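See structure below.
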Amino acid sequence: MLDIVLLSITLGVVLLAFVFDRLPIDVVALSSLALLLLFDLVTPEEAISGFSNPAVITVMMMFILSYALTHSGLLNKLGQRIAALSGKSHWLASATLLMVAGVLSAFINNTAALAIFLPVGIQLARHYSFSPSRLLLPLSYISIVGGTCTLIGTSTNLLISSLAEQHGQPPFGVFEFLPLGIILFLVGSVYCFAVMPHLPERVDSASLMGRYNLTSFLTEVRVPESGSRLVGRTVLEEGISERLQLNVLEILRGNRRIASDLRRTVIEPGDVMIVRGAMQHIVRFREQYGLLLLTDVKLEDSDLSDEENILAEIQLSPSSSMTGQTLKEIDFRRRHGCFVLALNRTGEMIRDKLAQIPLRQWDTLLVFGPRERVEALLSEDDFISLQELDIRLRMPGRWWVGVAIIPIVVLLAATGVMSILKASILGVAALVLLGGLTITKAYESINWTVIFLLAMILPLGIAMENTGLAAIIGEWIGDIGENASPFIALSVIYLATALLSEIVSNNSTAVLMAPIAITTATTLGLEPKAFLMAVAYAASASFLTPMGYQTNAMVYGPGGYRFLDYVVFGAPLKIVFWLLSVLLIPVFWPLQAG
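Next comes the structure, spelled out in structure tokens:
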């Protein structure tokens with residue numbers, strides 16, 4: 000009994016940590032593992048068993064294969080063709096984008112798929128003059144549902160298959176999820192098309208300056224022909240950035256626009272400087288150097304973008320090395336040659352004291368700099384571009400290797416020639432040996448946060464079985480099924496999983512609910528596979544919150560959404576999926592053996 004109390008305390012701490020989101024999720028997982036060991040709820044061998052779990056290794060391999068495909072350049076070119084092929088119909092363009100993203104999500108990591116098509120969606124909104132907020136949330140939902148159609152579409156399905164095998168059940172096939180998955184995909188697509196016109200117009204599709212409310216933080220000042228002690232000096236010599244907390248973004252000198260090596264450019268009479276900073280600092284700058292404040296000038300995006308320089312919106316990638324660091328610690332300006340003008344954090348626009356703010360996952364940054372420096376910044380995989388930057392796409396020399404290997408891996412696993420684990424490992428080996436990806440890039444392509452989360456959260460499920468907590472909960476749900484109907488028990492399992500996945504990661508939810516689902520089925524004398532399928536579909540059906548699924552978090556800032564938007568537009572879809580799943584799971588996976 001004491002073990003159950005200690006495990007309940009551990010689960011409570013973990014759930015609260017996920018809800019309040021004060022610690023990184025991998026730190027929460029590590030802490031839960033430490034508590035399990037401290038309370039002797041798992042053995043040391045059980046504690047580290049997650050690191051050799053087939054699902055964890057397969058997810059790792061799929062990260063690498065997905066990276067090779069998404070960085071081949073082929074999908075980027077496909078995205079660019081959507082608007083061109085759709086003509087004047089924004090409905091056709093939107094439908095094409097959603098379908099392509101959804102189908103692709105069935106075969107690669109859906110976060111990677113969304114990273115490719117998120118800037119395409121924003122560009123389509125700009126091209127057809129409608130708000131991105133009407134497209135991005137449906138794009139997230141479709142990528143989630145697309146991932147549920149196959150074994151490799153989401154790490155949750157791989158995890159459930161591995162847990163089933165550990166409990167004596169046969170592993171799931173690559174396309175075993177497809178019968179119900181395709182129905183949910185079609186229903187979800189119709190729903191998304193229906194609600195798109197009713198989604199709020201939260202974001203202006205045209206102006207980044209307006210979206211980030213930068214008009215009062217950016218202005219132009221002119222150096223007079225005489226009388227200013229700034230003439231003959233440089234920004235670096237005067238310490239303008241450090242002493243006055245201002246950024247000089249660009250110097251306009253006649254027909255020239257100077258943005259490179261600004262700190263060492265000697266100021267001349269008549270120069271016009273584009274300056275970023277709080278108005279009180281700009282006024283102090285003007286007074287100290289006798290400058291002319293051009294208050295009648297209203298800066299637009301085009302004033303900062305030309306052939307050489309660009310204003311761009313970028314987002315921290317899931318595996319960004321910059322998460323948790325400040326711009327000052329990164330030395331962002333000198334390292335990347337770009338200015339960060341503003342930061343969007345889950346709808347909150349931050350424009351002041353940016354250098355001191357630790358970056359978080361999914362933060363969106365508005366940056367300005369030379370075009371080649373922005374291109375170099377995006378090539379480092381720390382950021383995802385949220386707009387098509389008119390940067391020339393380079394197809395790597397052996398781009399075809401990454402494109403060819405994923406279909407081969409899927410074919411080998413789907414036909415039963417070998418397991419998905421073996422096929423994915425062989426696929427990655429072939430990818431590296433054939434020059435489709437360097438081993439360094441292979442390491443960098445793995446989202447280690449997800450891998451460590453999976454490996455360290457799996458012992459929670461073991462502890463639930465060791466202590467008997469899974470049996471107690473499963474038998475209680477089983478009693479409900481005996482007194483009412485097996486469909487009620489299946490419905491309870493699905494609903495509990497679906498609600499838990501809104502506050503805890505979908506993989507963590509699957510780990511916690513899978514042993515309960517198996518115990519429930521055993522208590523009722525039914526087939527565990529149907530109940531495990533309920534857990535798999537429900538864990539991925541996260542539509543009510545931005546934190547429930549990574550793709551929801553990705554569109555939160557760029558779409559300008561509010562928390563309530565997810566509840567209002569996600570709740571009907573969640574209810575429909577609940578009803579359809581409970582009705583159809585027994586059809587495709589009978590509750591009774593034989």
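Here numbering that gives the first Met the number 0 is used: the first residue of the sequence shown is 0, the next is one more, and so on.
Glycine is no exception: its CB is placed at the ideal position from the N, C-alpha and C atoms.
Given the structure is predicted, the values throughout are model-derived calculations rather than measurements.
Quickly, what does DSSP pair residue i with across the bridge? List them, please.
i	result
G368	I309
M272	V220 and I250
R350	DSSP, once it has assigned bridges, lists no residue as partnering R350.
A277	Paired residue(s): none; A277 is not in a bridge.
Q314	T363 and I383
I584	In DSSP, I584 forms no bridge with anything.
N343	M348 and T363
F338	F367
I47	Per DSSP, none; premise fails for I47.
R256	L251
G291	Residue identity check: residue 291 is Leu in the sequence provided, not Gly. R221, per the DSSP bridge assignment.
Pick out whichever of the options has its Cα sitting closest to the Cα of residue i.
i	options	result
D365	P196, Q355 and M348	The sequence given here places Leu at residue 365; Asp does not occur at that position. Per the Cα distances, M348.
S418	E328, F562 and E164	E164
E241	H335, G276, I515 and R255	G276
T110	K76, F62, A92 and N156	F62
G401	A441, V55 and E374	A441
F568	P137, V119, V27 and R228	P137
E236	V265, H335, E312 and R80	V265
N465	F38, V27, D25 and L582	F38
I450	P317, K327, L261 and L185	P317
L74	A114, T57 and P43	A114
R252	P268, N246, M278 and R359	P268
S132	F576, P585, R561 and V581	R561
V234	V408, R125, R263 and G467	R263
G467	S504, T518, A497 and G146	T518
D362	L342, I356 and L245	L342
T448	L5, L29, S93 and A100	L29
L91	P557, G120 and M60	G120
G336	T345, A375, T325 and P357	A375
T679	S154, Y288, I329 and S259	Any question about residue 679 goes unanswered here, given that the chain covers just 0 to 593.
L243	R285, V55, L64 and A100	R285
Y140	S423, K76, Y565 and L15	Y565
For the ligand MN, any of its heavy atoms closer than 7 Å to the Cβ of residue i?
i	result
S188	Inclusion of the ligand MN in the displayed structure is not the case, the ligand content being empty and no account of it being possible.
Please report how far the alpha carbon of residue i lies from the alpha carbon of residue j, in whole angstroms.
i	j	result
G629	L217	Lying outside 0 to 593, the shown extent of the chain, residue 629 is not represented and no answer is given.
L392	P369	Residue confidence is low: L392 scores 49 on pLDDT, short of 50, so the model does not pin down where it sits. No coordinate-derived value is stated.
A483	L489	11 Å
L353	L579	47 Å
F17	F171	29 Å
I281	V271	14 Å
A462	T9	10 Å
V600	P23	Within the shown structure, residues of the chain are numbered from 0 to 593, placing residue 600 beyond reach of any answer.
L493	A533	Here residue 493 is Tyr; the residue named in the question, Leu, does not match the sequence. Their backbone Cα atoms lie some 5 Å apart in a straight line.
L315	G323	11 Å
I479	F486	10 Å
S188	M321	35 Å
D389	Q360	Note that D389 has pLDDT 48, beneath the 50 cutoff, so the model's placement of it is unreliable and the number below is only indicative. Cα to Cα, the separation comes out at about 26 Å.
L290	S130	39 Å
S88	R256	38 Å
F382	L248	21 Å
G274	L261	At residue 274 the sequence reads Val, which differs from the Gly that was named. Between V274 and L261, the C-alpha separation is close to 12 Å.
L117	L453	26 Å
L411	Q549	29 Å
A46	S161	17 Å
Y190	R283	54 Å
L377	D20	27 Å
H166	M546	30 Å
A403	S71	11 Å
R334	Q122	28 Å
R332	L326	8 Å
T414	I107	19 Å
E443	N506	22 Å
contact_flag[the segment 568 to 584, the segment 532 to 541] where n(CB pairs < 8 Å) is 3 or more: Yes: at least three Cβ pairs fall under 8 Å.
For the structure I just gave you, are there three or more beta carbon pairs, one from the segment 174 to 187 and one from the segment 518 to 525, closer than 8 Å? Not touching, per the Cβ criterion.
Segment contact, 8 Å Cβ cut-off, at least three pairs: the segment 468 to 483 with the segment 51 to 59: No contact exists between the segment 468 to 483 and the segment 51 to 59.
Counting only runs of 4+ residues fully inside the segment 502 to 573, write out the alpha helix (DSSP H) ranges in chain order. For the segment 502 to 573, whole alpha helix (DSSP H) runs of length 4 or above, ordered along the chain, are 505 to 523, 527 to 539 and 549 to 555.
Please specify which runs of the alpha helix (DSSP H), each continuous and at least 4 residues long, are wholly inside the segment 71 to 148, giving them in chain order. If one requires a minimum length of 4 residues, the alpha helix (DSSP H) runs lying completely within the segment 71 to 148 are 73 to 85, 89 to 104, 109 to 126 and 135 to 146, in chain order.
Along the chain, which unbroken stretches of the beta strand (DSSP E) at least 3 residues long are found entirely within the segment 372 to 442? As far as the segment 372 to 442 is concerned, its whole beta strand (DSSP E) runs of at least 3 residues are 382 to 384.
Considering only residues of the segment 226 to 250, which uninterrupted alpha helix (DSSP H) runs meet the minimum length of 4 residues and lie entirely inside it, listed in chain order? If we require 4 residues or more, the alpha helix (DSSP H) runs fully inside the segment 226 to 250 come out as 234 to 237 and 239 to 243.
Output the residue ranges of the alpha helix (DSSP H) runs that lie fully inside the segment 448 to 504 and measure 4 residues or longer, sorted by chain position. Whole alpha helix (DSSP H) segments, 4+ residues: 468 to 482 and 485 to 499.
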